[in-house]
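S.K.: Next up is a structure, given as structure tokens.
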Amino acid sequence: MLWAGFLFGLLGSFHCVGMCGAIALALPDAGPRRWSFVVGRALYNLGRVTTYTALGAGAGLLGQSLRLAGVQQGLSVASGVLILLLVAVPERHTGRAAAGLGLDRLLARLKQALAYWFQQSSFRALYLSGVLNGLLPCGLVYLALAGALSAPGGLGGAAAYMALFGLGTLPLMLALSLTGQLVPLHWRARLRQAVPVAATVLAVLFIVRGLGLGIPYLSPQLSKAAPANTGRHRPAAITMCH
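119 is the number of the first residue of the sequence shown in this note's numbering; add one for each residue after it.
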């Protein structure tokens with residue numbers, strides 16, 4: 119299921135163009151030479167991928183804890199249901215929920231830090247701008263994290279899932295930052311409509327996988343752990359020395 123992270127990022131990159139395209143177009147130059155322009159934008163996008171990978175590791179840690187509690191199949195179903203809920207709830211409501219949790223101050227500081235590094239002209243500043251941008255509230259990232267919860271491989275698998283998600287967004291976002299207005303506005307709106315469809319398909323895959331229907335690769339039936347041997351052990355014979 120790790121491949122689903124890359125495909126979701128690839129399709130979701132049209133959402134990124136609409137929501138974060140202005141930031142990508144306004145990136146400062148790291149130097150006067152052409153190669154520094156290209157490297158700077160690559161580092162910015164690498165910063166985003168770094169944050170997504172770290173967030174995936176956190177989701178994987180949570181998912182691994184739930185698996186140890188014996189809810190592996192239920193976790194996959196719950197991840198699918200969570201994705202469907204996030205698709206159904208408008209993104210503006212998720213922002214209000216964050217404000218209701220007291221995260222608005224944290225978000226304000228995050229934006230201040232992003233604005234500070236945006237004014238610096240260096241490779242380091244561009245990379246850190248990407249790292250901070252990856253922390254901004256984004257419905258697409260929330261959807262990806264919901265999928266990472268039940269990614270195979272525990273912490274490492276979830277981190278890889280989110281890294282592949284970030285790499286999936288890379289081609290279009292990097293091309294946009296290098297070439298300017300790559301996709302016309304009317305096409306952006308149409309392509310963004312594909313994101314909920316892709317998320318719904320991903321949610322269904324997670325739900326079917328968690329049901330354990332015995333379908334190879336798609337919905338394998340998880341083997342149950344062998345019961346512990348509770349039989350009484352015979353006492354070991356004690357040899358007496360005469």
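C-beta atoms are modelled at their ideal positions from N, C-alpha and C, and glycine is treated no differently.
Taking Cβ positions, are Leu258 and Gly130 nearer each other than 9 Å?
M.R.: If you number the sequence shown from 1, residue 258 lands on position 140. If you number the sequence shown from 1, residue 130 lands on position 12. In contact: Leu258 and Gly130 (Cβ atoms closer than 9 Å).
S.K.: For Trp121, tell me which candidate among Gly275, Pro289 and Leu145 has the shortest Cα-Cα distance.
M.R.: Counting from one through the sequence shown, the residue named residue 121 turns up at place 3. Closest option to Trp121, Cα to Cα, is Gly275.
S.K.: Confirm, please, whether the CB-CB distance from Ala278 to Val167 is below 9 Å.
M.R.: Within the sequence shown, the letter at position 49 stands for residue 167. Within the sequence shown, the letter at position 160 stands for residue 278. Not a contact, by the Cβ cut-off of 9 Å.
S.K.: Would the beta-carbon of Ser268 fall within 9 Å of that of Arg223?
M.R.: Position 150 of the sequence shown, counted from the start, is the residue given in the question as residue 268. Position 105 of the sequence shown, counted from the start, is the residue given in the question as residue 223. For Ser268 and Arg223, no; Cβs fall outside 9 Å.
S.K.: Output the boundary residues of the alpha helix (DSSP H) element that contains Val259.
M.R.: Indexing the sequence shown from 1 puts residue 259 at position 141. Run containing Val259: Gly257 to Ala266, per the alpha helix (DSSP H) assignment.
S.K.: Compare the beta carbon distance of Ser239 and Ala142 with 9 Å and say whether it is the shorter of the two.
M.R.: For the purposes of this step, residue 239 is taken as the residue at position 121 of the sequence shown. For the purposes of this step, residue 142 is taken as the residue at position 24 of the sequence shown. Not closer than 9 Å, so no.
S.K.: Grab me the residues of Gly123's own chain with a C-beta within less than 6 Å of its C-beta, minus the 5 sequence neighbours each way, in chain order.
M.R.: Walking along the sequence shown from the start, residue 123 turns up at place 5. Counting only Cβ-Cβ distances below 6 Å, and skipping sequence neighbours, we find Tyr279, Leu282 and Phe283.
S.K.: Given a cut-off of 9 Å, decide if Leu204 and Ala264 are closer than it, judged by their beta-carbon atoms.
M.R.: Counted from its first residue, the sequence shown places residue 264 at position 146. Counted from its first residue, the sequence shown places residue 204 at position 86. Their beta carbons are under 9 Å apart, which means Ala264 touches Leu204 by this criterion.
S.K.: Gln182: buried (16+ other C-beta within 10 angstroms of its C-beta) or exposed?
M.R.: Residue mapping note: residue 182 aligns to position 64 of the sequence shown, counting from 1. Buried, since its Cβ has 16 or more Cβ neighbours within 10 Å.
S.K.: If we call anything under 9 Å between Cβ atoms a contact, is Tyr162 one with Leu145?
M.R.: Within the sequence shown, residue 162 is the residue found at index 44, counting from 1. Within the sequence shown, residue 145 is the residue found at index 27, counting from 1. Yes, these two residues count as a Cβ contact at 9 Å.
S.K.: Beta-carbon within less than 7 Å of Thr169's beta-carbon, same chain only, minus the 5 sequence neighbours each way: which residues are those?
M.R.: Reading the sequence shown from its first residue, position 51 is the one you call residue 169. The answer, listed in chain order, is Val249, Gly252 and Leu253.
S.K.: What span of residues does the alpha helix (DSSP H) with Ser247 cover, start to end?
M.R.: Sequence index remark: in the sequence shown, residue 247 carries index 129 (1-based). Where Ser247 is concerned, the enclosing alpha helix (DSSP H) stretches over Phe241 to Asn251.
S.K.: Could you check how far apart the C-beta atoms of Leu261 and Gly139 are, in whole angstroms? I think they sit under 8 Å.
M.R.: Numbered from 1 along the sequence shown, position 143 holds the residue referred to as residue 261. Numbered from 1 along the sequence shown, position 21 holds the residue referred to as residue 139. Contact doesn't hold; Cβ gap of about 19 Å is too wide.
S.K.: Buried or exposed: Val315, going by 16 or more other Cβ atoms within 10 Å of its Cβ?
M.R.: The residue given as residue 315 occupies position 197 in the sequence shown. The residue in question, Val315, is exposed, as its Cβ has fewer than 16 Cβ neighbours within 10 Å.
S.K.: Would you mind reading off the limits of the alpha helix (DSSP H) that contains Arg227?
M.R.: Numbered from 1 along the sequence shown, position 109 holds the residue referred to as residue 227. Boundaries of the alpha helix (DSSP H) harbouring Arg227: Asp222 to Phe236, taken from the DSSP string.
S.K.: For Gly332, count neighbouring C-beta atoms within 10 Å of its own C-beta (all shown protein chains included) and say buried if the count is 16 or more, exposed if not.
M.R.: Indexing the sequence shown from 1 puts residue 332 at position 214. It counts as exposed.
S.K.: Roughly how many whole angstroms lie between the Cα atoms of Leu246 and His133?
M.R.: Against the sequence shown, residue 246 aligns to sequence position 128. Against the sequence shown, residue 133 aligns to sequence position 15. Taking the straight line from one Cα to the other gives about 22 Å.
S.K.: Go to Ile141, then tell me how far its alpha helix (DSSP H) extends in each direction, as first and last residue.
M.R.: Your numbering for residue 141 matches position 23 in the sequence shown. Its alpha helix (DSSP H) spans residues Leu120 to Leu143.
S.K.: Using alpha carbons as the reference points, say which of Gly158, Gly272 and Leu193 lies closest to Gly174.
M.R.: As a first step, residue 174 is located in the sequence shown; it is residue number 56 there, counting from the start. Comparing Cα positions, the closest option is Gly272.
S.K.: Cβ atoms of Phe241 and Ser154: under 9 Å apart, would you say?
M.R.: The sequence position of residue 154 within the sequence shown is 36, counting from 1. The sequence position of residue 241 within the sequence shown is 123, counting from 1. Yes, the pair counts as a contact, with Cβ atoms nearer than the cut-off.
S.K.: Looking at the secondary structure, which residues open and close the alpha helix (DSSP H) in which Ala278 lies?
M.R.: Taking the sequence shown and counting its residues from 1, one reaches residue 278 at position 160. Here the alpha helix (DSSP H) through Ala278 covers Gly272 to Thr297.
S.K.: Within the same chain, show all residues whose beta-carbon is closer than 7 Å to that of Pro192, passing over the 5 residues directly before and after it, in chain order.
M.R.: In the sequence shown, residue 192 corresponds to position 74, counting from 1. It is Gly, not Pro, that sits at residue 192 in the sequence shown. Result list for Gly192: Gly328, in chain order.
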